[in-house]
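What follows is one structure encoded as structure tokens, with my remarks underneath.
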Amino acid sequence: MRARGKRRNHPGGQISWSTAAGSVANRSVSVMGLAFANPLGLAAGVDRTGELVPSLCSHGFGHVEVGTITQETRLAGSLGRSMSGTIVGANIGSALPGLSEQVIEDYTTTLRQVVGLSDYVVANLSAPALHRDGDMPGIEKLVKRLSAVRDVLSAVVGRRVPLLLKLAAGSHGTNFPAAIMAARVSGLDGIVLVSNCLSRIGAISTYLDGLVVISVGDVRSADDVRARINAGAALVQVHSAYANGGSARIRRILKELTPTTRYP
Ligand SMILES: Cc1cc2nc3c(=O)[nH]c(=O)nc-3n(C[C@H](O)[C@H](O)[C@H](O)COP(=O)(O)O)c2cc1C
227 MRARGKRRNH PGGQISWSTA AGSVANRSVS VMGLAFANPL GLAAGVDRTG ELVPSLCSHG
287 FGHVEVGTIT QETRLAGSLG RSMSGTIVGA NIGSALPGLS EQVIEDYTTT LRQVVGLSDY
347 VVANLSAPAL HRDGDMPGIE KLVKRLSAVR DVLSAVVGRR VPLLLKLAAG SHGTNFPAAI
407 MAARVSGLDG IVLVSNCLSR IGAISTYLDG LVVISVGDVR SADDVRARIN AGAALVQVHS
467 AYANGGSARI RRILKELTPT TRYP
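Right, dumping it as structure tokens:
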């Protein structure tokens, strides 16, 4: 049954319903051509090789993002797609700093390697130590190149593989409007937005014009998940909440989001 309240249309076809009190009744989320069983996912950094995917999927996450995968990563054979109904994303990057031609080549080579193994791909620009976010011409070049490679590979694998950028909103170097414009112009599907500031998430969501937002950063409770969705995010990720609280914390959040649904 739908909750009464504000109807929020998310790009890519997802519709959720929220009340003034912030409860979200319809938990399944369809965006970017993918059906997520619930909006809560595991952020990159917990499983960098895919070896934990089977056990992580059993915790009830709607999606699990593996990575960051680089040319140095030895991928586990089990990366797999859509295990037990969980969407599996691949977060890609390069071990080298900056956005040189070699770094862009690393991203595109890794994209080719993971595209058949994952439901969606995220190009990570959020690592502060790698100094990529201030280089706007580099970002434009990277996004254009990745998008072109994604289009070719999508034709090969017979499905459109969603491609997103992961950006940190707190980073001083990021020219957000320009980075998002580059993503829009190149036909990317969304932004994984690292920020714990609701007003910032809301402000950025207003000029995304069709791009999906996955919100990550300081999400610890079902209330946090609801707040991010109400600010404009289609999906929400946790890292520290899982790293510190384990599967019990995830079960509790999911239970609070949908009290009538049983999670493993
Ligand atoms: C130990 C650690 C390792 C991480 N490794 C990655 C990574 O490899 N790739 C990535 O995109 N983000 C990585 N992150 C960032 C997280 O995915 C997430 O964006 C960030 O921790 C904010 O979420 P949280 O407040 O829930 O922890 C890492 C974070 C931590 C704490």
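Here my numbering runs 226 ahead of the position in the sequence shown, where the first position is 1. For glycine and all other residues, C-beta sits at the position ideal for the given N, C-alpha and C.
The Cβ-Cβ distance between T312 and V347 does not fall below 8 angstroms. Within the same chain, and ignoring the five residues on either side of N470 in sequence, no residue has its Cβ closer than 6 angstroms to its Cβ.
In this structure P354 is exposed. Its beta-carbon is surrounded by fewer than 16 other beta-carbon atoms within 10 angstroms.
Shortest gap from the CB of T336 to any heavy atom of ligand 1: 7 angstroms or more. Between ligand 1 and S352, a heavy atom-to-CB distance of less than 7 angstroms is present. Among the bridge pairs identified by DSSP, L461 is matched with I440. DSSP, read as helix, strand or coil, puts N401 in coil. Rounded to the nearest angstrom, the gap between the Cα atoms of I440 and V418 is 5 angstroms. The three-state reading of DSSP puts T432 in helix, counting H, G and I together.
Using a 10 angstroms sphere on the CB of A459, the tally of other CB atoms reaches 16 or more, which defines it as buried. Uninterrupted alpha helix (DSSP H) stretches at least 4 residues long and entirely within the stretch 306-349 occur at 327-340, given in chain order. Taking the Cβ atoms as the reference, G288 lies roughly 4 angstroms from N264, within the contact range of under 8 angstroms. Counting of Cβ neighbours within 10 angstroms places Q328 among the exposed residues, the total staying below 16. Setting aside the 5 residues that flank it on each side, A394 is surrounded in the same chain by S352 and V420, each with a C-beta closer than 6 angstroms to its C-beta; the list follows chain order.
Between P280 and G271, the alpha-carbon positions lie close to 16 angstroms from each other. For V387, the secondary structure class from DSSP, reduced to helix, strand or coil, is coil.
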